[in-house]
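If you read the protein sequences in the order shown, they are chains A and B.
Taking our numbering, I'd label the letters of the first sequence as residues 1 to 490.
Taking our numbering, I'd label the letters of the second sequence as residues 1 to 213.
Here's the structure we're looking at; comments come further down.
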Amino acid sequence: MKLFMIFSMLITLPIQLSTVNYNYSYYGEVIHSAPGMNFATYFNGNTAGTNFGSPEDIVVYDDQIYMIDSSLNALIIINDEFKRESDHTTFPLTPEYIEKLSNEGVTDFSDLTLLSPYGVEVKESGIYIADSGNYRVVKLNHDYEVVDVFNEVEDATFDEISFEPRKITVDGSERMYVVARNVYEGIIELDSDGSFNRFTGVNPVSLNPLEIFQRSIMTEEQLAQLQLYLPTEYTNVVMSDKNFIYATSKPSEENAENIIQLINPKGVDVLKRNGYHPPMGDIHYIEGMNNYVIDGPSSLVDIAYTDHGIFTVLDQKRSRLFTYDSEGNLLYINGDEGAQSDKFTEGVALAYLGDDLLVLDRKSRTVIVYQLTEFGDKVNTAIMHHTLGEFEKAAELWEEVLVLNTNYEVAYNGIGKFYLREGEYKKAIEYFNLGHDRYYYSRAYKEYRNDIIKSNFGYIVGGIVLISGVLIGLKIRSTYKKGGSILYED
Amino acid sequence: MKTKLKSIWFDFIKFPKYMMLHPFDGFDEFKRYKKGKISVALIFISLYAFFRIFTYQNEAFLINERNPLMLNSLQEIFSVILLLGLFTVGNWSVTTLMEGKGNFKEIVMVTGYALFPLIIIGYPGVVLSNFLTLEEMAFYQLLMGIAYGLTAWMLFMGILNIHQYGLGKTIIAFILTVVAMAVMMFFGLLFFDLIQQFIEFIASIYEELNLRY
Chain A
1 MKLFMIFSML ITLPIQLSTV NYNYSYYGEV IHSAPGMNFA TYFNGNTAGT
51 NFGSPEDIVV YDDQIYMIDS SLNALIIIND EFKRESDHTT FPLTPEYIEK
101 LSNEGVTDFS DLTLLSPYGV EVKESGIYIA DSGNYRVVKL NHDYEVVDVF
151 NEVEDATFDE ISFEPRKITV DGSERMYVVA RNVYEGIIEL DSDGSFNRFT
201 GVNPVSLNPL EIFQRSIMTE EQLAQLQLYL PTEYTNVVMS DKNFIYATSK
251 PSEENAENII QLINPKGVDV LKRNGYHPPM GDIHYIEGMN NYVIDGPSSL
301 VDIAYTDHGI FTVLDQKRSR LFTYDSEGNL LYINGDEGAQ SDKFTEGVAL
351 AYLGDDLLVL DRKSRTVIVY QLTEFGDKVN TAIMHHTLGE FEKAAELWEE
401 VLVLNTNYEV AYNGIGKFYL REGEYKKAIE YFNLGHDRYY YSRAYKEYRN
451 DIIKSNFGYI VGGIVLISGV LIGLKIRSTY KKGGSILYED
Chain B
1 MKTKLKSIWF DFIKFPKYMM LHPFDGFDEF KRYKKGKISV ALIFISLYAF
51 FRIFTYQNEA FLINERNPLM LNSLQEIFSV ILLLGLFTVG NWSVTTLMEG
101 KGNFKEIVMV TGYALFPLII IGYPGVVLSN FLTLEEMAFY QLLMGIAYGL
151 TAWMLFMGIL NIHQYGLGKT IIAFILTVVA MAVMMFFGLL FFDLIQQFIE
201 FIASIYEELN LRY
């Protein structure tokens, strides 16, 4: 009996250990979902054949993983088999840069070192390191030689505070976008030669009329005692291949709905929020002070994108990964907190290596690699077909997705769109009803109604004529019964 | 049979319509010649309660944001009873002090009759909404707006007439009614809380004694 108990416990062990994957339904309920990604492998300093001190940021460029370490002050390069390629702590200057410096009258041409760097970006034009401790941005070429150093930003903001870059990204024309500490004006845009351009993605603080009125009657002392209204503070920026910036920011006091932004070159947030809920990580959370549970909205620290507008954000607070498509639909949620090797506790950075997702855990100094499950792969492929306009292939895949996860409401819309294109409006209506897509439901319904009216036009007109004829006849009859006449009489 | 049908037609359609379109004459007949019936008013109120459930369930998918699984018929019915009960009691207590000529029965009847446009427009409107597209939903919203507007109009004119108030005094009476409703809600919650604590107290004493002996 005892043995039987132990065995049955062992059988249920995987269920006890596994985590419940969830998603949000249209009505905001938490519903079960198939996992979109699961643990594939992990690597840390030991398995990669090097040493990680306090890794802060990872970037994937050309199948190489670039990692920056703030305690070893090193740039570590790891190949796609997760083995060490090279470590760099000192960076020699290029002859051009030496020449430039000597023209400016500098005589010290020793190699550069980093001091607690927090961000790295790798593009075709070079490697950019946000060297926070030295208050500068270092630009290297692909041979790890210093091409340029940017440490001065000519803006009034930096008269009072020092320029301390945390995260950096670079667009196609080599403009740098820097998130700096204690800067609330937005993302700093630097030209390719390091001169200050502007602040982009500025979030204006909006006060409601009552607050404006309150502030207008307050004295100076009262105003000083009020909590400072600060615009959103960005936490990370990633440049997409179309030169749009994916940015994450800290949630502000009352608005957590714009913590993910897609900033266009004009500086305007153009992220589509057409999903059931705005992309903001967890949509339900406890508010208020409580020491026993994690409260407040998700605190997103990094964002990574893959093909066809699919992007993933990393919630450091609850150690979760949220994947959205380009329309803002929440595709799947995964990752959970823990000390096991397939879990992470303090995620700081996120990067896609092909279809695999790398999550950097600062606390355990490990990179966890997630791979798409069958379900996740089908969802992504269906979205790919959908963006390419191959609706039939997409619909087939969505059907398969529904077999794997019946709760998946987004899939019904995909199938509905296919039927709408095929002209099977009745079926399309059914699917849009299940997927809660009002706009397309309305379109399909309009066509469906037109079809019915067209095919039954004779009956409808006949019916109207008949009913009105009967009514007129009855009226005439009752008029005559009362002794009147329908003929015109004086 | 025919006269019965005719009297139903008169009570439920013709007379309320007349009151809506000719408020002064209509409510005068309503008050002076006792043409209004409490049974009609109660049926209108129950039809309104049913209308809320009907809307919850059958309003067009395109504008119905409600989760069908969360429908609670009893809750809908009780919320109607609570709302109308609060209004009638509140209005009665206010107008008695303000020298209103109407009695409680008349206030209940006016409230019931005021729901007439909402019922007569609302039911066909909700059915119609199922045959509209997203762009055409504006018509449905207009229709419902008219229904609610007419209900407010009938309620206002009814209260004005049965109490024989002027315009300004009616408005003041309405504002004070809202205040009275809020006060009643406050006291209700207070009593609810106190009674709950009292019952808890007795229950715990009973439990203690039970455990001891």
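Backbone N, C-alpha and C define an ideal beta-carbon position, used for all residues, glycine too.
Fair warning: this is a prediction, and the values are worked out from it, not measured in the lab.
_By alpha-carbon positions, which one of B:Lys17, B:Asn91, B:Lys35 ends up nearest to Ile175 (chain B)?_
Nearest to Ile175 (chain B) by C-alpha distance, out of B:Lys17, B:Asn91, B:Lys35, is B:Asn91.
*From Ser478 (chain A) to Gly435 (chain A), what does the alpha carbon distance come to, in whole angstroms?*
It is roughly 54 Å from the alpha-carbon of Ser478 (chain A) to the alpha-carbon of Gly435 (chain A).
*Alpha carbon to alpha carbon, what distance is there between Ala34 (chain A) and Asn63 (chain A)?*
Sequence check: residue 63 (chain A) is Asp here, not Asn. In this structure, the straight-line span from the alpha carbon of Asp63 (chain A) to that of Ala34 (chain A) is close to 29 Å.
*Buried or exposed: Gln261 (chain A), going by 16 or more other Cβ atoms within 10 Å of its Cβ?*
Gln261 (chain A) comes out buried.
_Reduced DSSP secondary structure (H/G/I, E/B, other) of Glu28 (chain B)_ = Rather than Glu, the amino acid found at residue 28 (chain B) in this sequence is Asp. Note: Asp28 (chain B) maps to helix in three-state DSSP.
*With C-beta atoms as the reference, is Glu409 (chain A) less than 9 Å away from Tyr118 (chain A)?*
The answer is no: Cβ separation not under 9 Å.
_Do Gly338 (chain A) and Asp302 (chain A) have their beta-carbon atoms positioned less than 9 Å apart in this structure?_
No, these two residues do not count as a Cβ contact at 9 Å.
*What did DSSP end up calling Val153 (chain A) once you bin it into helix, strand or coil?*
In the structure shown, Val153 (chain A) sits in coil (DSSP, three-state: anything other than H, G, I, E or B).
_3 or more residues per run - each beta strand (DSSP E) lying fully within the stretch 172 to 206 of chain A_ = Restricting attention to beta strand (DSSP E) runs no shorter than 3 residues, the stretch 172 to 206 of chain A encloses them at 176 to 180, 187 to 190, 196 to 200, ordered along the chain.
_If the cut-off is 7 Å on Cβ atoms, which residues from the stretch 41 to 63 of chain B count as contacting chain A, listed in chain order?_
Flagged, chain order: Phe61, Leu62.
*Under the three-state DSSP convention, the category Ser39 (chain B) falls into*: Ser39 (chain B): helix per DSSP, three-state reduction.
*By the 10 Å Cβ neighbour count, where 16 or more other Cβ atoms means buried, how is Gly157 (chain B) classified, buried or exposed?*
Sequence inspection shows Met at residue 157 (chain B); the Gly mentioned does not correspond to that position. In summary, Met157 (chain B) is buried, with 16 or more beta-carbon neighbours lying within 10 Å of its beta-carbon over all protein chains present.
_Residue range of the alpha helix (DSSP H) that includes Phe52 (chain A)_ = Annotation: Phe52 (chain A) is outside any alpha helix (DSSP H) and is labelled neither H nor E by DSSP.
*For the candidate residues A:Lys242, A:Ser110, A:Leu115, whose alpha-carbon lies nearest to that of Val270 (chain A)?*
Ranking A:Lys242, A:Ser110, A:Leu115 by Cα distance to Val270 (chain A) puts A:Lys242 first.
*Sequence-distant residues of the same chain with beta carbon closer than 6 Å to Ser112 (chain A), five excluded per side*: A small fix is needed here, since residue 112 (chain A) is Leu in this sequence, not Ser. Excluding sequence neighbours, Leu112 (chain A) sits near Phe91, Val146.
*Counting only runs that start and end within the stretch 73 to 142 of chain A, where is the beta strand (DSSP E) found for 3 or more residues in a row?*
Every beta strand (DSSP E) stretch that sits fully inside the stretch 73 to 142 of chain A and reaches 3 residues is listed by chain position as 74 to 78, 84 to 88, 119 to 123, 126 to 131, 136 to 140.
_Classification of Met70 (chain B) by the beta-carbon crowding that lies within 10 angstroms, buried from 16 upward_ = Around the CB of Met70 (chain B), fewer than 16 other CB atoms lie within 10 Å, so the residue is classed as exposed.
*asked:* Under 8 Å, CB to CB, which of the residues in the stretch 132 to 157 of chain B have a partner in chain A?
replied: Going along the stretch 132 to 157 of chain B in chain order, one finds Thr133, Leu134, Glu135 with a Cβ nearer than 8 Å to chain A.
*Ends of the beta strand (DSSP E) at Asn38 (chain A)?*
Membership of Asn38 (chain A) in the beta strand (DSSP E) is indicated by the continuous run 37 to 44.
*Give the single residue among A:Ile217, A:Pro209, A:Val178 whose Cα lies nearest to the Cα of Phe199 (chain A).*
Comparing alpha-carbon positions, the option among A:Ile217, A:Pro209, A:Val178 lying closest to Phe199 (chain A) turns out to be A:Val178.
*Do Leu420 (chain A) and Ala428 (chain A) come within 9 Å of each other at the CB atom, strictly closer than that value?*
Closer than 9 Å, so yes.
*Separation of Gln214 (chain A) from Lys17 (chain B), as counted between CA atoms*: If you draw a straight line from the Cα of Lys17 (chain B) to the Cα of Gln214 (chain A), it comes to about 49 Å.
*On the premise that Gly416 (chain A) lies in contact with Tyr431 (chain A), defined as a C-beta separation below 8 Å, what is that separation, rounded to the nearest angstrom?*
Their Cβ separation, rounded to whole angstroms, is 3 Å, which keeps Tyr431 (chain A) and Gly416 (chain A) in contact under 8 Å.
*Residue closest to Ile310 (chain A), alpha-carbon to alpha-carbon, out of A:Gly36, A:Asn255, A:Met5*: Check the Cα spacing between Ile310 (chain A) and each of A:Gly36, A:Asn255, A:Met5: the tightest is with A:Gly36.
*Closer than 9 Å to chain A by CB, Asn210 (chain B)*: Closer than 9 Å: no.
*Do you know offhand how far Leu471 (chain A)'s Cα is from Gly145 (chain B)'s?*
Per the coordinates, the alpha-carbon of Leu471 (chain A) lies some 30 Å from the alpha-carbon of Gly145 (chain B).
*Closest by CA to Met67 (chain A), which one among A:Val367, A:Ser8, A:Glu327, A:Ile212?*
If you compare the alpha carbons of A:Val367, A:Ser8, A:Glu327, A:Ile212 with that of Met67 (chain A), the shortest gap goes to A:Val367.
*Alpha carbon of Ala40 (chain A) to alpha carbon of His385 (chain A), nearest angstrom*: Counting only the Cα atoms, His385 (chain A) lies some 26 Å from Ala40 (chain A).
_Delimiting residues of the alpha helix (DSSP H) encompassing Gly90 (chain B)_ = Counting along the chain, the alpha helix (DSSP H) containing Gly90 (chain B) begins and ends at 73 to 97.
*Assuming Tyr370 (chain A) and Asn334 (chain A) form a contact by the criterion Cβ under 8 Å, report the distance between their Cβ atoms to the nearest whole angstrom.*
About 7 Å separates the two Cβ atoms, so the contact holds.
*Tell me, which residues are paired with Lys167 (chain A) by DSSP?*
Its beta-bridge partners are A:Val179.
*Bridge partners of Glu200 (chain B), per DSSP?*
Note: Glu200 (chain B) sits in no beta bridge, so no partner.
_Interface flag, Lys266 (chain A) vs chain B, CB-CB below 9 Å_ = Answer no: the Cβ-Cβ gap between Lys266 (chain A) and chain B never drops below 9 Å.
*Shortest alpha-carbon distance to Thr96 (chain B) belongs to which of B:Phe191, B:Lys4, B:Tyr206, B:Thr170?*
For the residues B:Phe191, B:Lys4, B:Tyr206, B:Thr170, the minimum Cα distance to Thr96 (chain B) belongs to B:Thr170.
*Would you kindly work out how many angstroms separate the C-alpha atoms of Asn72 (chain B) and Phe78 (chain B), rounded to a whole number?*
Here the C-alpha atom of Asn72 (chain B) lies approximately 10 Å from the C-alpha atom of Phe78 (chain B).
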